[in-house]
Amino acid sequence: MNKSSTLLLTTILLATTFLQPAAQADNAARGLEIAIEADRRDTGFTDQVAEMTMTLKNSQGQTSTREVRVKTLEVNGDGDKSMSIFDTPADIKGTASLTYSHALQPDEQWLYLPALKRVKRINSKNKSGPFMGSEFAYEDISSQEVEKYSYKYLRDEVLNGIDCYVIERYPEYTHSGYTRQLVWVNKQEYRPEQIVFFDRKNVKLKTLTYAGYNQYLNQFWRADKMTMINHQTGKETTLEWRNYKFKSGLSDDDFNRNSLKRAR
Amino acid sequence: MRRLIFIFSAYLYASFSYATDISGEVGYQSRYFMSDSEFKPGLDSHHSSINIELDWYHAWDEHSINFKPFIRADAVDHNRSHGDIRELYYQRLYENWEVLFGISKVFWGVTESQHLVDIINQTDLVENIDTEDKLGQPMLKFSYILDNGSLDLFILPYFRERTFYGADGRPRLFGLDISNNATYESSDKEKHLDYAIRWFNYLGELEFGLSLFDGTDRSPLFINTITSKGPVLIPLYPQLSQFGLDAQYTSEDWLWKLEYVYRQSTRIAGGQPVDDDYYAYTAGIEYTFVGIFNSDMDLGWVFEHLYDSREDQATSLFQNDLMSGLRLAVNDEASSEALLGIIYDLDYGDILFSIEAATRLMSNWTANLEVRLFNSSDNRSPVQIVNNEDLIQLDFNYHF
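Chains as they are written, first to last, in this note's numbering: chain A, 512 to 775; chain B, 42 to 441.
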């Protein structure tokens with residue numbers, strides 16, 4: 512939890528006491544409280560390295576895969592920095608992207624094209640576009656910051672035998688592809704178990720489910736498998752994660768244009 | 042035997058502590074020329090070729106070695122049947138700097154229509170007239186990593202001559218055949234020692250590079266010569282000093298791009314070499330419409346002005362031209378994309394038109410389509426020579 516979040520919480524608590532009908536205000540404050548607690552529990556991993564297999568399945572059931580290595584540097588008070596290196600499909604092997612994510616501002620993003628040996632700064636206002644032709648949008652896989660949404664606690668619910676809070680969150684970023692998301696937060700561990708996304712017309716678009724959670728460094732929960740189903744197209748994307756490593760001593764120097772060119 | 046197994050397994054174990062990686066591609070290319078050549082009638086209209094590229098990479102601790110040979114075998118054009126070592130270098134990383142020794146490739150610049158500032162590598166023009174393919178350049182490179190950028194110093198001990206179409210090759214960019222016996226302004230010829238330095242820096246949304254190059258110009262002049270086989274063009278590589286600036290500003294919706302060069306070189310006037318001081322620039326913008334037609338597709342629009350201060354004396358085709366391009370990214374599983382570009386000459390009215398489209402077939406195959414059309418009606422324009430060289434090119438590549 513960072514200072515601005517605490518301040519925000521206090522402000523909302525104070526303001527809502529006087530201005531809002533009590534029940535509604537309570538639900539907004541409670542939703543935010545859950546988001547802040549989830550954020551607090553996931554703070555301090557410093558850096559993270561992992562490998563991912565992305566499997567894309569179309570409505571006819573045909574599949575294609577991508578292998579990606581992802582490095583992340585935790586940034587306090589802002590979105591994280593991350594670098595993705597693509598190992599397959601073979602024609603884009605060696606392509607790498609560098610992203611400085613921001614909660615409410617456009618991300619900063621660079622692409623390294625190995626055939627041309629060219630680093631390109633690209634326009635990244637659009638966080639709602641598909642990541643690598645998958646059902647995941649850039650905003651789905653970028654770092655989760657409390658400030659990205661406003662919240663409302665809806666109810667308690669048991670999901671697949673797990674006690675969850677169900678909260679609704681509303682993107683604060685102007686160019687988000689969603690009106691709202693429903694998040695099932697594990698009551699005990701404050702990790703997401705399921706997210707349902709509603710598109711700009713407020714129609715149910717996608718469901719993301721997390722499976723195979725493991726705890727690292729006695730603190731950080733990471734899922735081995737994330738499945739995104741698009742209800743409107745019938746397409747599906749699965750991310751299978753492995754070889755999670757934390758605190759490998761990465762620094763800002765590993766997340767700049769020079770290191771992007773060296774990435775391999 | 043047991044000892045041997047032990048050594049072998051120890052080797053296997055050790056080999057996991059560093060990374061070795063082999064990849065590459067094998068391809069087939071077909072080119073079709075829509076008209077008979079104006080200056081050499083009777084040339085084949087259909088050219089096919091195969092290409093192979095390997096990429097071997099080995100890294101341990103702070104060291105790495107990369108070897109990347111390339112070969113194309115063309116059924117028609119002898120010059121196009123060629124090989125090149127794209128990369129063969131050793132690189133050592135230190136905390137704040139790096140050293141690279143060997144053959145490698147370096148790209149400088151930001152614009153899309155042409156790359157004025159980019160000077161380290163020679164163009165492999167026989168591969169593609171878009172000048173994006175480069176020959177491997179022997180170099181010693183020192184890079185010093187700064188807080189907001191880098192400082193690169195290059196020593197370039199050997200010059201590579203530009204590749205051109207052969208006697209049977211197309212597209213025929215100059216009408217005449219081009220001699221394989223190039224000449225040089227410097228008596229050191231291809232062994233002239235070239236230097237370059239570049240300071241790259243970024244300040245928030247602005248990134249820019251300032252560069253200096255001193256050595257053999259990568260772009261030759263041509264001397265019209267009569268030989269026993271008839272008239273040919275002999276490439277002459279002059280000495281060049283170049284100052285370059287490349288800059289990009291990224292705002293929320295727009296990319297603003299500029300490449301500027303000031304060059305001190307030589308040109309041919311009245312059959313004699315004369316001093317040639319000039320500047321040239323490419324300046325432009327790029328805008329991306331995201332999620333067009335309520336789909337996942339993005340459409341990028343590029344608009345650039347290309348200028349050369351020598352105007353009608355320019356050796357470049359782009360002395361005063363506008364380029365407009367549309368780039369469609371489908372954002373599908375097959376990473377399909379298409380680029381449509383038009384370059385319009387403001388002085389001569391020439392139009393260069395191109396389409397490039399690419400998609401993935403299954404997981405290891407890619408297909409690329411290129412169409413290039415030339416249209417010039419002004420006989421003062423150098424583009425008029427290539428009026429009949431319109432071509433369609435199809436590539437299938439297997440990647441491993």
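Backbone N, C-alpha and C fix where the C-beta goes; we use that ideal spot for every residue, glycine too.
- A:Ile633 carries a strand assignment under DSSP once its states are collapsed to helix, strand and coil.
- DSSP, reduced to helix, strand and coil, places A:Asp763 within a helical segment of the structure shown.
- Contact between the segment 172-184 of chain B and the segment 138-148 of chain B is present, with at least three C-beta pairs closer than 8 Å.
- Interface with chain A (8 Å Cβ-Cβ cutoff): B:His104 is excluded.
- Within the same chain, and ignoring the five residues on either side of B:Thr356 in sequence, no residue has its Cβ closer than 6 Å to its Cβ.
- Following the DSSP letters along the chain, one finds A:Tyr681 inside the beta strand (DSSP E) bounded by residues Ile673 to Pro682.
- Apart from sequence neighbours up to five positions away, the residues of its chain that approach A:Asn538 with a beta-carbon distance below 6 Å are Lys663 and Tyr664, ordered along the chain.
- Excluding residues up to 5 positions away in sequence, Ser90, Ile91 and Ser122 lie with their Cβ nearer than 7 Å to the Cβ of B:Ala114 in the same chain.
- For B:Arg401, a Cβ of chain A is located within less than 8 Å of the residue's own Cβ.
- If you draw a straight line from the Cα of A:Arg733 to the Cα of B:Ile326, it is about 42 Å long.
- When rounded, the separation of the alpha-carbon atoms in B:Leu262 and A:Ser608 is 39 Å.
- Sorting A:Arg702, A:Ile678 and A:Glu548 by C-alpha distance to the C-alpha of A:Arg691 places A:Ile678 at the top.
- Under the 8 Å criterion on CB atoms, A:Gly590 is classed as non-interfacial with respect to chain B.
- Within chain A, the residues Pro600, Ala601 and Asp602 have their CB atoms less than 8 Å from the CB of B:Asn405, given in chain order.
- Counting only Cβ-Cβ distances below 8 Å, A:Leu622 has no contacts in chain B at all, with the closest Cβ about 12 Å away.
- Cβ proximity to chain B below 7 Å picks out Lys604 and Pro617 from the segment 604-621 of chain A.
- In this structure, the CA atom of A:Lys736 is about 6 Å from the CA atom of A:Trp752.
- At a Cβ-Cβ threshold of 8 Å, B:Asp431 and B:Gln425 do not count as neighbours.
- In the DSSP assignment, B:Asn265 falls within the unbroken beta strand (DSSP E) covering Leu262 to Thr268.
- Scanning its chain for C-beta atoms nearer than 6 Å, with the 5 sequence neighbours on each side dropped, one finds around B:Phe74 the residues Ser86, Arg211 and Leu432, in chain order.
- By the CB criterion at 8 Å, B:Lys146 and A:Lys628 fall inside the cutoff.
- B:Val140 does not reach chain A, its nearest Cβ partner there being about 13 Å away, counting only Cβ pairs nearer than 8 Å.
- By the CB criterion at 8 Å, B:Ile275 and B:Thr224 fall inside the cutoff.
- Secondary structure of A:Ser661 (DSSP, three-state): strand.
- Where A:Ser770 is concerned, the enclosing alpha helix (DSSP H) starts and stops at Arg768 to Arg773.
- With contact defined as three or more Cβ pairs closer than 8 Å, the segment 669-677 of chain A and the segment 387-398 of chain B are not in contact.
- Against chain B, a Cβ distance below 7 Å from A:Pro682 picks out nothing, because the smallest value is about 15 Å.
- Taking all protein chains shown into account, A:Gln571 has fewer than 16 neighbouring C-beta atoms within 10 Å of its C-beta and is therefore exposed.
- Chain A has no Cβ within less than 8 Å of the Cβ of B:Gly216.
- Only exposed fits B:Pro82, as fewer than 16 other CB atoms lie within 10 angstroms of its CB.
- Under the three-state reduction of DSSP, A:Glu544 is assigned to helix.
- For A:Tyr649, the enclosing alpha helix (DSSP H) has its first and last residue at Tyr649 to Ile652.
- Distance from the Cα of B:Ile264 is smallest, within the candidate group B:Phe254, B:Leu299, B:Gly285 and B:Arg308, for B:Arg308.
- Taking C-beta atoms as the reference points, B:Asp209 and B:Asp77 fail to come closer than 8 Å.
- Close partners of A:Asn754 in chain B (Cβ separation under 7 Å) are lacking, with about 13 Å as the shortest Cβ gap.
- Per DSSP, B:Ala375 lies in no beta strand (DSSP E) and is assigned neither H nor E.
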